[in-house]
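Participant: First residue of the sequence shown? That's 12 in our numbering, and the numbers climb one at a time after it.
We treat Cβ as the ideally placed atom computed from N, Cα and C, and that holds for glycine.
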Amino acid sequence: MEYLSKQRYDEIAAELDHLISVVYPEVRDHVAETGSQGDRSENAGYREARRRQAKTISRIRFLQKVLENSRVIDPDALPKDRVCLLSKVEFMNLSTNTRMKFEIVSPHEMNLEAGKISLKSPIGAALMGRQVGETVEAKTPSGILRLRIESITFD
12 MEYLSKQRYD
22 EIAAELDHLI
32 SVVYPEVRDH
42 VAETGSQGDR
52 SENAGYREAR
62 RRQAKTISRI
72 RFLQKVLENS
82 RVIDPDALPK
92 DRVCLLSKVE
102 FMNLSTNTRM
112 KFEIVSPHEM
122 NLEAGKISLK
132 SPIGAALMGR
142 QVGETVEAKT
152 PSGILRLRIE
162 SITFD
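Structure representation (structure tokens):
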């Protein structure tokens, strides 16, 4: 079971709808068109159209599974005094005295450029359930980071 924000759930549903109603019919028509152009075994356009069709079907199935196994998070039901999903956490890397701020999100919403880290990432997992003032250790590929939680906020 994965938990998603309402916004991300709606984005995935919109992408799925677009793939089913717009992209797949175009791909299907392109496969039919290129398939009618002679010998399929030597038709590079047909092979490429079939690859695109397979990728589209794969993406549709993946998104269907994500939505089928996901639930929308009720932000009001989340604790406000602990790091949890949808928390914006400001913390200090005690080794470098660098402050960082990230929102803790599901793996399907992760986007480092937007300041969103997965709750399953080493830092996200180390922060989950912790409170302001606590120091945690995150085991990352580059070594162990000691982090002190400075603040927890919600939008």
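Taking just the CA atoms, how far does residue 47 sit from residue 121?
Facilitator: Translated into the one-based positions of the sequence shown, residue 121 becomes position 110. Translated into the one-based positions of the sequence shown, residue 47 becomes position 36. Looking at the two C-alpha atoms, the distance is approximately 43 Å.
Participant: From residue 57 to residue 35, what does the alpha carbon distance come to, in whole angstroms?
Facilitator: Residue mapping note: residue 57 aligns to position 46 of the sequence shown, counting from 1. Residue mapping note: residue 35 aligns to position 24 of the sequence shown, counting from 1. Each residue's alpha carbon lies about 15 Å from the other.
Participant: When DSSP builds the beta bridges, which residues end up paired with residue 14?
Facilitator: For the purposes of this step, residue 14 is taken as residue 3 along the sequence shown, with counting starting at 1. Its beta-bridge partners are 82.
Participant: Going by DSSP, what residue range makes up the alpha helix (DSSP H) through residue 39?
Facilitator: One-based indexing of the sequence shown puts residue 39 at position 28. Note, residue 39: alpha helix (DSSP H), 35-46.
Participant: Which residue's Cα is closest to the Cα of residue 148: 108, 133, 89?
Facilitator: Reading the sequence shown from its first residue, position 137 is the one you call residue 148. Answer by Cα proximity: 133.
Participant: For the alpha helix (DSSP H) containing residue 136, list its first residue and its last residue.
Facilitator: Within the sequence shown, numbered from 1, the residue matching residue 136 stands at position 125. Counting along the chain, the alpha helix (DSSP H) containing residue 136 begins and ends at 133-138.
Participant: To the nearest angstrom, how far is it from the Cα of residue 155 to the Cα of residue 92?
Facilitator: Position 144 of the sequence shown holds residue 155. Position 81 of the sequence shown holds residue 92. Cα to Cα, the separation comes out at about 25 Å.
Participant: In terms of residues, what are the limits of the beta strand (DSSP E) holding residue 93?
Facilitator: For the purposes of this step, residue 93 is taken as residue 82 along the sequence shown, with counting starting at 1. Note, residue 93: premise wrong, no beta strand (DSSP E); not H, not E.
Participant: Looking at the unbroken beta strand (DSSP E) that takes in residue 124, where does it start and where does it end?
Facilitator: For the purposes of this step, residue 124 is taken as the residue at position 113 of the sequence shown. From DSSP, residue 124 is part of no beta strand (DSSP E); its letter is neither H nor E.
Participant: Assuming contact is defined by CB atoms lying nearer than 9 Å, are residue 158 and residue 108 in contact in what I supplied?
Facilitator: If you number the sequence shown from 1, residue 158 lands on position 147. If you number the sequence shown from 1, residue 108 lands on position 97. For residue 158 and residue 108, no; Cβs fall outside 9 Å.
Participant: Exposed or buried, what is residue 138 when buried is set at 16 or more other beta-carbons lying within 10 Å of its beta-carbon?
Facilitator: Taking the sequence shown and counting its residues from 1, the one referred to as residue 138 is at position 127. With 16 or more Cβ atoms within 10 Å of its Cβ, residue 138 is classed as buried.
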